[in-house]
Structure formats: C-alpha cells, structure tokens
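Structure first, then comments.
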Amino acid sequence: MALTISKIAEILGGTVDGDGSAEITGLAKIEEAQSGQLSFIANSKYHKFIETTQASAILVDIDFPKSDRTLIRIRNPYFAFLKMAEQFYVQEPQVATGIHHTAVIGQDCVIGEKCAVGAHVVIGKKCKIGKNTIIHPGVVIGSHVQVGENTIIYANVSIRERCRIGNKVFIHPGAVIGADGFGFAFEDGKYHKLPQMGNVVIEDEVEIGANTTIDRATMGETIIKKGAKIDNLVQIAHNVQVGENTVIAAQTGLSGSIKVGKYVKIGGQAGFVGHIEIGDNALIGAQSGVTKSVPENAFISGYPARPHMTAKREEASLTKLPELLKKIRLLESQLKKICDKLNIEHD
Amino acid sequence: MALTISKIAEILGGTVDGDGSAEITGLAKIEEAQSGQLSFIANSKYHKFIETTQASAILVDIDFPKSDRTLIRIRNPYFAFLKMAEQFYVQEPQVATGIHHTAVIGQDCVIGEKCAVGAHVVIGKKCKIGKNTIIHPGVVIGSHVQVGENTIIYANVSIRERCRIGNKVFIHPGAVIGADGFGFAFEDGKYHKLPQMGNVVIEDEVEIGANTTIDRATMGETIIKKGAKIDNLVQIAHNVQVGENTVIAAQTGLSGSIKVGKYVKIGGQAGFVGHIEIGDNALIGAQSGVTKSVPENAFISGYPARPHMTAKREEASLTKLPELLKKIRLLESQLKKICDKLNIEHD
Amino acid sequence: MALTISKIAEILGGTVDGDGSAEITGLAKIEEAQSGQLSFIANSKYHKFIETTQASAILVDIDFPKSDRTLIRIRNPYFAFLKMAEQFYVQEPQVATGIHHTAVIGQDCVIGEKCAVGAHVVIGKKCKIGKNTIIHPGVVIGSHVQVGENTIIYANVSIRERCRIGNKVFIHPGAVIGADGFGFAFEDGKYHKLPQMGNVVIEDEVEIGANTTIDRATMGETIIKKGAKIDNLVQIAHNVQVGENTVIAAQTGLSGSIKVGKYVKIGGQAGFVGHIEIGDNALIGAQSGVTKSVPENAFISGYPARPHMTAKREEASLTKLPELLKKIRLLESQLKKICDKLNIEHD
C-alpha cells in the first residue's frame, strides 16, 4: 500500500506543512521511522525526536512548532495515526473461517455466519455465537453462553456457563470470565462456599486484557458496560459494575459489589475495598488504596487514597520530616535557655 | 422448587417474624429481590434496603430491628442463606460423566468411578483421580499427580508432575499448580537455574482462585492446608506453607518459604518478604507490605506493615504535617523576637 | 546415584572439613535432610540448623564457623548445591519426542529434530521450532512464530503471531506472549483501539513465570534480553525493553515504553510509570511505585520511590510524628507563657 502525504492529509482532514508529494508506504514510531514512513508526535516527551527522525511525514497537533520536516497538522494526531494504522496494517487471519474439525461443539448451539472456531475449542450446549466472531484455539466456553458479532476471543480463554458477551469485544489470551466469586460463610470453625449463582455480562466494544479475571455474581450480574477497556491481570470480583468507557490499567483489583461510573480512569495496581461507588469521570492514581466512595470528577491517589493534591502535599512535607525533628529539638533547647533566664518553670 | 417461609425457618432452625405461609420459589439480593424470593441482610450497609425490598422473606440476625416485613430471625443469616442456596440452586453439569473421547490419558492412570473428564484434557502417566471428580476441558495434568474425590478442576488449569490435590477441592480456571519456583544462583555474571525438585500439596476443601499460581518447592513441598481459601491472581512461591482455614484475597503475593498459620485473614494485594512466619489468627490489611514475622492474633497494615492502630495514628498525623510545618515556622519567628528582646543569641 | 562426600568436593572444587568417606544418595533442605543426604547453608537465617540437621554433609561458605558436622567448604555454596542438583535430580520427561497425533500444526512449519510437541498443541503456519525444544500440551502458537533450540514451553501458554523466542528459554504455564498492547485514542467520546502492529522478542536463556503477560509492541518490538528472569504474574506492557540478566519478582508491573537496564533487580509488586529508564544494576524495592527514571546503581524503594536510605529515614521519622504533634503543642503553650510575661504579642 502507498499513499502520498497529501492524500493522507486529505483522508484525515489535516493540512500539509511542507512537501506533500512523497509516498508513504508504512508506519513507525518517531524514533525508529525510516524514509517512506509516517509517524506521529502526541506526547511532549517525544518532541525532541523531530530533529533526528527519518520519517517522511509526521502527524502533529495544529499548534506544533514550525519545523523543516514535513508535518501533517491535525487535531488529535494520535487518533489520526490510528486511522492510518487501520489502513496500512493488515492483520493476518489466525483462525480459518468455519469450525475446526477438532473443536467440540455442544448440542443445540447456534454458530453465526463466517465465524472462525479454532482447533481444540470446546463450546458447551445451547450457546449462541454471533456472525464474524473469531474464537482462537484452546478456548473453553460453558453452556448457555451468548457471544455477539465481530468479537474476538483469543487463545486459552475460559468463559463459564450463562455469561453473555457483546459485539466487537476483544478478550485477550488466558482471561477468565465467570469463575466463582469469592464468597464464604464462616460457621463451625470453617468456611462454607456460597454457591455463586449469577453470571458475567460484557457489553459491546469492551476489551478484556490477558489473564484478567472477572468473577460471576453471587446473584444477579457482574457487568462491564459498553466501551470499557480493561488491561491485563486485573481482578474484578463478584457483583462489580464497571461503567461505560471506563479504563482500568493492569493489575488493578476491584473487590465485590463496587460500582464504578463511566469515563473513570484507574491507574495500574490500584486496589479498592468492596461495596463502594466511584463517581463518573473520577481519576484514580496508580497503586492507590481506595477505602471509601469517590465523588464524580475527583482525582485521588496514595494509600489510603485521598485527593491527589493533598496526597502530593503530604508526601512533600514528609520529605521534610527528618529535618523537622532536628528543628524541634533546637526550639526546645532555645526555649529552655529563655525559661532559665526568666525563671519560668520549663516542662 | 417451592417451600413456605415457615418450612424454611423450620429447616434452618430460625423463627418467623410475620406471616410464614407464603411460598418461596427463589433467592435474590436484597436490592433486587421480587415477590416470591428469599433474601438476607448480613452487612449493616444493606439495612436500608429493608424498606424497599420486594422480597417475601428476609433472613436477618436474631436482634435485627422490628419491621413490617416478614423476617426469619436466625444466628448467622449469611450461612443460613447459603444453606438455602444449596437447596434452591442446581448447577447444570458442564462435563459429562466418563472420559471424553478427545481426552488424552497417560499409561497406568486410575480414574475413579463417576469421574467426568472433559474434552481435550491431557493427563500424564501414573496419575490417580478419585471418584466423582470433575475435570473441565483444556486441563493439563503432569505425570504421577494424585487428585482426590469430589474435586472440581476448571478449564485450562495446569498441574505439573507429582503434585497432590485433596478431596472437595475447587481449582478455578487458568490456575497453575506446581510451576518451577523462582530460584537461581548467581555465578560468572549470570543467573543459573536451580532445579525445582519438590512439588505442591493441596489438602482437602481448599479453593484456588482463577489464574492463581502456586509454585512447586525447591525441595520438599509447598503446602496449602485443609480448608484454606485462596482468591484469584494470588502468587504463592516455592516452599510456602498456608495453614488451615486461612483466607487470602486476590492479587496477594507470598514470597518463598513463608509459613502462614491457621485462621489467618489476608487482604487483597498484600505482599510478604520471604522466610517469615505469620501467626495463627493474624489479620493482614489489604495492600500491606509485610517485612517481618507477625505474632498470633496481631492486626497489621500499611507499608511497611505495622500494628493497625499505629498505622492509622501515623496516617492521621501525616494529614496534619503540612499545617505543622507552618506552625513550626511561626514558633521560630516568635522565639527570635523573644531572643532579640532578651539579648539571647538565637541559633 | 551415589557419590562419596570427598568425590563431591572434588567435582565442585571444595574442601572437606570432616570425614569424606560417607556416601551421598540425595539432596535436601537443611531442616529436613536425613542421613545420606547433602544440604547447604547460604543464608544466615539457616545457620541454626547446623546443630540439628541429619544431613551427612553440608555445603557452606569458606569462612563458615568450625562445626562437628561434615562440611564441604566452597565459594558460593548455593551455586555448588545447584551443580549437584543437576547431577542428582533427573526430571521425568513429560512430553514424548515427536509430534503428538492430536497436535495441529499449520502449513509450512519447520519442527526441529528431537522436538517434543504435546497433545492438543496448536501451531500456526510458517512457524519454526528449533531442535530439542519441548512444547507441553495445550500450548497455542500463532503464525510466523520462531522458537529456538532447547527451549521449554509449558502447558496452556499462548504465544501470538510473529513473536520470536530464543534458545534455552523457559516459559511457564499460562504465560501470554504477544497479546495486544493497551493502546487507545480518545475521540468522539469513546476509546478507539490502535492496532498493535509489533511483536515480542525473547532472547536466549530467559525465564518467563506462570501466568505472566508480555504485550506486543504497538510498532517495533517488546524485548526481553538474554538471561533475564521474570517471575509469575508479572505485567510487561508494549514496547518495554528489559536488559540482560535483569531479575523481576512476581506481580510487578512495567508500563509502556520503559527501558530497563541490565543486572537490575526488581522486587515483587513494584509498579512503574511509562516512558522512563531504569539504569544498569539498579535495585528497586518490593512494592515500590516508580514515577521517574532511575540512575545506574541506585537503590530505591517506597511510594513514590526514592533513594532507599531516604525512604527508611522518612518512615522512621513518621513513627515519631504522633508524639511530635504533642511536643509542638507543649512548645506553643510554653511560648505563650513567656510572651505573656514579657508582654510580647503572641500570634
């Protein structure tokens, strides 16, 4: 595939700053791009590479500084680059259309048109798989599971019975959907397992990371709403609700019955106690320990999590604490001298 | 299935507070229950739903406030609800009894009566599987592994050679039992792998969460004792011993050769250095960083982990630190004024 | 197998301190060793067992205290023990040489001599597997993947298309190599998936822990360099580079585009923001939250991560903070008394 720089700018709705006649045949990171490749700058840490990059054209923000490089100026250059990536990058199909002869499909399943079901896949009875969906080798799906259209389920994923997966969902390798929630009642000196009777519902356009685990509800549903993006090795406990377009970075853990709003952003390795609510648009810093509900639009961080500016101020003052201890000792000795001079009793 | 409220109270040994004649046909969470359903309240956060629930009867503690709802008063209502869940909830079998024709079973294996071995299961030679045990599709078991009776091993679990699994154990999807411990000797500028010669022993009634990893011992055994409950994505390193009826929440990590007592409760995302002991009945807060041994009955939290009340007090005083810095500056200027007035030298 | 103590000392290049004539037939931990077994002491926590061990000989450091036990004195006794473990411990082969008849191998693959490809393995087209490599049951490998010689890939591992794995690599069960990086552009009120066009390269002698996830690069390569050792449940994001002989303990998370140097040691559950560099030989404490680049040879810890001695000093002073608050109140009242006496205005 080849497109001139001018043509790319036209497709994207950007403006060329420089010579638009050269042909672009591929895409690359700014620090590795070669002649003939298109790149982008969306993070100021990468501005410096404008000097040294070999890229033939660079997608940049509208107010990017003037340069002797050929720029395509556009709002949201990262998104523009993504649109070009969709054009230039053709992913090789990994699973042939149809049902592989080693796959084991239960009774009364409905497998949609143009589905690709890979080798050694196991699907329980009475499942419904929507059209164009791709199920990679080694996936195990329990009975009565519904999967939508244009969804990709990667290798060795496990989905237990009665879960429902939407359209255009990505589930990355090794993820586990619908395992038993962690619920026990203590009696007679030991823990008794509470049957986990509910399921997991994953709505359209959700992404679930590799080896992430989403437990089924004790009763009712654990829900991941439309457009939510969940990274690798995340733990989502029973009865959690994750709102629309919320993003959760790797290794975060959500305890049971938490309700997370929409457009929330959660950093990596954050942890949350159960039965709390996280308001819409909240930002939760990486490694936060969230011990109570969070209002809409709040930005919290630290352990225990508190407003981010407070946490930063406290961290900054903590660095002064060792010096402060010395200062206090000095104040004390000074005071003692004064008290001695004035014949005031010193405690 | 249908039982009158009075009959349920009789089965459980509770007392009906209200009209016991209505029939219960199902179970639900208090906030979602409909007419004809039984629910429970065991956490004060859910008391408020007593006003609005549509449940026909609610299991509550003996001293729960009077209400115009039909209550079944009983000690440990959560456990009582669990007993009813066992009656009302019938889990649909996912794996047919017998050995699926695609399963690959090694030489000299003994598979007990009424076992269910799913599609594409692989079992190494000389394994012994107890009766009524269910092995879901995609499970891989190495040679010389013993699995007890009435155990359930879910999809895509990997169990390496010579491990031993007890009776009534649950191993959730994707868990890895008996991978090599992380042991290397440094010599000649690189790390050399120490053969991990031991195994993992999981005793009766243990639960192992989805995608949890339990490494085999370097020598001897990594042991999870009877009745311990381990959540998802937990890391248990080589030669760890987890005591009876200990509960470990998700994403916690135990380093090598730790000995955890019985009835210990460990919150999510806690981490432990190696070669320490955690006493019986200890409580370890979520996200704790445990750097030394913990006595019996202790409650510790924070990083580094310290007695919980100390940790809370320090956290509380930390919030006052920015203000304290201002106060100290004020004290200093005040002192200076006094020193000037008294002609005392000020440092 | 049996070797005299003297023979073992000779093989290893150590010196016998005591009677070297007894035969050794096995290896054991110091606290569990029986007569006829060889053990070692490499950590001072285990010195006490010298009194009670039943081991017939113990590998110890050259300057280990005199004892009435039979010692083999040697530099690096742990490495010496490892060399003996390689002699005494014969791991039973788990996968027969050849390609199991249930394995599904894509077109135009080259499988090297003496490879062992287990049951229900799936390999995509145009893959190349080097000689003597062992692929356990349930492994799924995408198209155009290259795997070196003498590598072991354990059960249920998923490796996506175009990744490259070196020689003498261990990939433990459930690991996921080459899943999509977590990259989205926000536009029109939702997140759009950026195609993850790169791959993962794992060089020789690397070890990848169970259920660890290593994401493919957005463009270019995510690289794990020669001799690096990565524990279980570690998250390595897109475009990360891990240097030679670097060791990463369990549950650590590396965000996108981090460059980690060689001989770095990273404790468990540490987290790193993206786009930073970690210098050679750096030490990163367990549970650290690393928010900026780290120079060579630095030792950092805590949240946010700072020089380890600073972090320890701040933690120590924090324990004095509650008491300090009382002391300040006392100073204030004292000052007030003085001001009253001197008729100085008090703020």
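Protein chains in written order, with the working numbering: chain A, 1 to 347; chain B, 1 to 347; chain C, 1 to 347. C-beta atoms are modelled at their ideal positions from N, C-alpha and C, and glycine is treated no differently. A quick note: this is a predicted structure, and the numbers were derived from the prediction, not measured.
Asked	Found
At the 8 Å Cβ level, is residue 245/C part of the contact set with chain B, yes or no?	yes
With 8 Å set as the bound, which would you pick, yes or no: does the beta-carbon of residue 280/B sit closer than that to a beta-carbon of chain A?	no
If I measure Cβ to Cβ from residue 207/A and keep anything under 7 Å in the same chain, skipping five residues before and after, which residues do I get?	170, 229 and 230
Using a Cβ-Cβ cut-off of 6 Å (strictly less than) and excluding sequence neighbours within five positions of residue 282/A, which residues of its own chain qualify?	264, 294 and 298
Is it the case that the region 118-129 of chain A contacts the region 39-59 of chain B, given that we only count it when at least three CB pairs across the two stretches are under 8 Å?	no
Measure how close the beta-carbons of residue 140/C and residue 275/A come, nearest whole angstrom, since I'm counting them as under 8 Å.	Rounded, the Cβ-Cβ distance is 38 Å, inconsistent with contact.
Alpha carbon to alpha carbon, how far is residue 222/A from residue 243/A? Give it in angstroms, no decimals.	11 Å
If you follow the alpha helix (DSSP H) that residue 352/C is part of, which residue opens it and which one closes it?	Any property of residue 352/C remains undetermined from this structure, which presents chain C solely from 1 to 347.
Can you tell me whether residue 158/C is helix, strand or coil according to DSSP?	strand
How is the alpha helix (DSSP H) around residue 12/B delimited, first residue to last?	5-12
Quick check: residue 162/B and residue 144/B, are their CB atoms within less than 8 Å of each other?	yes
Note down, in chain order, each residue of its chain lying with its Cβ closer than 7 Å to the Cβ of residue 26/A, except the 5 sequence neighbours on either side.	36, 37 and 88
Once DSSP output is grouped into helix, strand and coil, what is the label at residue 30/C?	coil
Name, please, each residue of chain C whose Cβ falls closer than 7 Å to the Cβ of residue 249/B.	Here the premise fails: no neighbours, minimum Cβ distance about 14 Å.
Consult DSSP for residue 38/B and reduce its assignment to one of helix, strand or coil.	strand
Verify whether the separation of the beta carbon atoms of residue 288/A and residue 279/A is less than 8 Å.	no
Please list the partners that residue 148/C has in chain B, where partner means a Cβ-to-Cβ separation under 9 Å.	Under the 9 Å cutoff, chain B gives no residues; its nearest Cβ is about 16 Å from residue 148/C.
Quick one: is residue 34/B buried, meaning 16 or more other Cβ sit within 10 Å of its Cβ, or exposed?	exposed
Let's see if you can read the secondary structure: which residues bound the alpha helix (DSSP H) around residue 81/B?	77-88
Hey, is residue 338/B's beta-carbon within less than 8 Å of any beta-carbon in chain C?	yes
So, is residue 245/C buried or exposed, given that buried needs 16 or more other C-beta atoms within 10 angstroms?	buried
Can you give me the start and stop residues for the beta strand (DSSP E) that residue 178/A sits inside?	176-179
Opposite residue 266/B in the DSSP bridges: which residues?	248/B and 284/B
Give the secondary structure of residue 47/A by DSSP, where H, G and I count as helix, E and B as strand, and everything else as coil.	helix
Rounding to the nearest angstrom, what Cα-Cα distance links residue 290/C and residue 157/C in this structure?	29 Å
Please tell me whether residue 328/C has its Cβ less than 8 Å away from any Cβ of chain B.	yes
Need the endpoints of the beta strand (DSSP E) that residue 233/B sits in, please.	Residue 233/B -> no beta strand (DSSP E), and no H or E assigned at all.
Do we get a CB-CB distance below 8 Å when we pair residue 10/A with the residues of chain C?	no
Would DSSP call residue 146/C helix, strand or coil?	strand
Between residue 151/C and residue 95/C, what straight-line distance do the alpha-carbon atoms span, to the nearest angstrom?	13 Å
If you measure beta-carbon to beta-carbon, which residues of the region 215-247 of chain C are closer than 8 Å to chain B?	227, 229, 231, 232, 233, 245 and 247
Residue 172/A CB to nearest chain C CB: under 8 Å?	yes
Skipping 5 residues on each side, what residues in its chain have a beta carbon closer than 8 Å to that of residue 262/B?	225, 243, 244, 245, 246, 280 and 281
Kindly identify the DSSP beta-bridge partner or partners of residue 331/B.	Looking at the DSSP assignment, residue 331/B forms no beta bridge with any residue, so it has no partner.
For the beta strand (DSSP E) that residue 102/A lies in, which residues bound it at each end?	Counting along the chain, residue 102/A falls outside any beta strand (DSSP E), and DSSP gives it neither H nor E.
Rounded to the nearest angstrom, how far is the Cβ of residue 179/B from that of residue 210/C, given a contact under 8 Å?	4 Å
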